[in-house]
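These notes concern the structure reproduced below.
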Amino acid sequence: MPENPATAPVDTGRPGRRYLIRGGAVMSMDPEVGDFEIADVLVDGDKIAAIAPAIEAPGVDVVDARGRIVMPGFIDTHHHLFETALRSFLANGLLVDDGSGTPSADPTYVGHVLQRFAPVYRPEDVYITTLFGGLAQLDAGVTTVLDVSQIHHSPEHTDAAIEALADAGRRAAFGYFEGDGRAEARYPQDAYRVRKQWFSSDDQLVTMVMGGEFYLGEELYSNAWGIARELDLQIAAHAVGAFGMRPLLDDLAHGRGGTGKDIGFGPDVLLIHMTGMSDFAWERVRDAGVHVSVSTPIEMTMRHGTPPLLKLQQLGLEPSLSSDVETTMAPDPFTLMRSTMTMQRMLVNESVLAQGGFTPPGHYPAPAPGTPQLFTVRDVLRFATINGAEHLRLDHKTGSLTPGKEADIVLLDATALNVTPLNSVPGAVVSLMDRSNVETVIVAGKIRKWQGSLLEADLVRLRGELERSRDHLFRAADVQQNLFAYS
Ligand SMILES: [Zn+2]
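What follows is the structure in structure tokens.
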């Protein structure tokens, strides 16, 4: 079989265009399809046509996947793409100034990112940050995102965000959240226009989710939730104990929160973080079928509270994973999976050791009945793929390699220096790989990254635009640009 050509097969993703991904280790993330040490994946147009150990498809282009892991693209259920211009600015930062006078207390997320930078965003800043962050994550194998876009100061800002998501060419749920509330802002009413103008069909790469933040106050969030349900849009909102939201969630859980008849938990709600919430609120979340997105590394470092992994497990729920903010942490799926797995195992391992009292003969006890099971690599792979698809109502299209679904596929290089020899497919992906192993990325059948290079993106030009946007933001926010000042 010939080596892969330097240039990608052309016209992929178009109706009737077929090609074969041949000879890879296929991890479908669909229990009905299963796993294959070696198999072929046939792509037809934007869909997966077949997966089998040896597919005969005479005359079609062949992508040589020998030595590669073939699996569904990763899904990030909460990313603030507009903050791409502020990457690593807040590497130490907390959510809010805690009065400690430490480097972590100044700058902070609320004080700088939300209160100083966000208000000076122009529509062109929204566009380039959203586009560049999207391309960067596509390059890392994240084929679907929920962009929690909290920058809707005007309808022009809104349209810029949507255009950027479309131009990035990956699957995205556009999260229509609030802006800074200036006079020309149209949130949440502009949702009617946005739905009609951009999202009259749900059968497109970019779909719409309604933001309905509790911190906006009862009247505003009730209004947003009502509009969402009228327009048949899913609702997403942050739920952060460290932001004082526990009483609000309790009110909602008790059926007291909100104004209007249609305000309450349901399977159309995605709650983000869920740190510091009461047992009662959690039970209602479970009973109502609410979905939960966990941003493990961000929650740990920015003091949202402890990621609720054990609570979810105790209730028989599973999270999806999210990167949240690049001001503070890398948004690649490997960071999210590894931090989620290691954090949960640290908590469980410590609780098991404590059962033995830390001294011989009980220094390595058998776990007592009822001890949570340790997360496995399979668990976090599920969180980072199919769970995300379910939580964004996109599981009929993506999240697994299933014939009939759209072809959102990544090829990961298992021959690479940091991975070979391959002894476990799920193990290698979670425990060894990083974004350098993401060789080829396919969205809805279209090859978007080939042999390590992103296609159809003038990254030099876009980087220049991003830097100019960054310069404007720092200048307009009156924040000093200094490469060593905020560490
Ligand atoms: Zn967030």
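Quick note: our numbering has the sequence shown finishing at residue 493, numbered continuously throughout.
Glycine included, C-beta positions come from ideal geometry on N, C-alpha and C.
Please read these numbers as outputs of a predicted model, since none were measured by experiment.
Same chain only: Cβ atoms within 6 Å of residue i, ignoring 5 sequence neighbours per side
i, result
"Ser345", "Thr302, Pro303"
"Gly218", "Tyr227, Ala230, Trp231, Ile241, Ala243"
"Ala259", "Phe286, Ala287, Arg290"
"Leu387", "Pro432"
"Glu190", "Ser160"
"Arg93", "Glu332"
"Thr135", "Phe88, Thr90, Ala91"
"Val298", "Leu277, Met280, Pro325"
"Val132", "Phe88, Ile157, His163, Ala166, Ala167"
"Leu400", "none"
"Val275", "Ile241, Val296"
7 Å Cβ shell around residue i - same chain, five flanking residues per side excluded
i, result
"Val32", "Asp41, Phe42, Ala45, Val47, Ile57, Val76, Leu407"
"Val116", "Leu101, Val102"
"Ser284", "Arg252, Asp256"
"Arg384", "Pro432"
"Leu438", "Asn424, Val425"
"Met349", "Thr302, Met306, Pro313, Leu315"
"Glu473", "none"
"Asp112", "Asp103"
"Glu184", "Gln156, His158, Tyr193, Gly217, Glu219, Leu222"
"Leu171", "Thr136, Gly140, Asp153, Ala178, Phe180, Val212"
"Thr265", "Glu224, Glu225, Ser228"
"Val436", "Met343, Arg344, Met347, Val383, Val386, Leu387"
Whole-angstrom distance between residue j and residue i, CA atom to CA atom
i, j, result
"Trp231", "Leu428", "48 Å"
"Thr446", "Phe180", "25 Å"
"Asp50", "Pro337", "31 Å"
"Ile214", "His84", "Note that residue 214 corresponds to Met in the displayed sequence, not to Ile. Roughly 13 Å between the two C-alpha positions."
"Arg23", "Asn488", "50 Å"
"Phe286", "Pro314", "14 Å"
"Leu479", "Leu152", "24 Å"
"Thr333", "Thr307", "12 Å"
"His397", "Arg122", "32 Å"
"Ala14", "Thr391", "25 Å"
"Arg128", "His163", "7 Å"
"Arg469", "Phe138", "8 Å"
"Ala124", "Val16", "40 Å"
"Phe364", "Pro325", "32 Å"
"Pro78", "Thr18", "17 Å"
"Val212", "Arg177", "6 Å"
"Ser110", "Asp104", "9 Å"
"Asp208", "Tyr370", "53 Å"
"Arg72", "Pro378", "38 Å"
"Pro37", "Phe389", "14 Å"
"Met216", "Leu239", "6 Å"
"Thr114", "Leu120", "9 Å"
"Leu353", "Asn393", "23 Å"
"Lys317", "Leu323", "8 Å"
"Glu9", "His118", "50 Å"
"Glu496", "Thr404", "Because the chain spans 7 through 493 in this model, residue 496 falls outside it and cannot be assessed."
"Gln361", "Met347", "21 Å"
"Ser357", "Gly311", "19 Å"
"Arg492", "Phe249", "Contrary to the premise, residue 492 reads as Tyr rather than Arg in this sequence. Whole-angstrom Cα-Cα distance: 23 Å."
"Gly272", "Ala395", "17 Å"
"Thr421", "Ser34", "20 Å"
Closer than 7 Å: residue i CB and nearest ligand 1 heavy atom
i, result
"Val154", "yes"
"Asp330", "yes"
"Ile278", "yes"
"His244", "yes"
"His159", "no"
"His84", "yes"
Close Cβ partners of residue i (< 8 Å) along its chain, the five nearest in sequence each way excluded
i, result
"Pro59", "Phe42, Ile44, Ala45, Asp46"
"Arg351", "Leu380, Phe381"
"Leu26", "Asp46, Val47, Leu48, Val49, Ile61, Ala63, Val66, Asp67, Val68, Val69"
"Leu141", "Ala174, Leu460, Ala463, Leu465, Leu468"
"Glu292", "According to the sequence provided, residue 292 is Arg. The question's Glu does not apply to it. Within the same chain, Arg292 has close Cβ partners Leu321, Gly322, Leu323."
In DSSP terms, what residue i is bridged to
i, result
"Gly451", "Answer by DSSP bridge pairing: none, since Gly451 is not bridged."
"Trp456", "Ser459"
"Val116", "For Val116, which the question treats as bridged, DSSP gives no partner whatsoever."
"Pro409", "Lys411"
"Leu26", "Leu48, Val68"
"Met216", "Tyr182, Ile241"
"Ser326", "Ser299"
"Leu152", "Ala179"
"Val425", "According to DSSP, which records beta bridges pairwise, Val425 is partnered with nothing at all."
Proximity test, Cβ basis, 8 Å: residue i and chain B
i, result
"Ile241", "In summary, chain B is missing from the structure at hand, where a single protein chain is found."
Any non-hydrogen atom of ligand 3 closer than 7 Å to residue i Cβ
i, result
"Ile81", "In the structure shown, ligand 3 is absent; the only ligands present are ligand 1."
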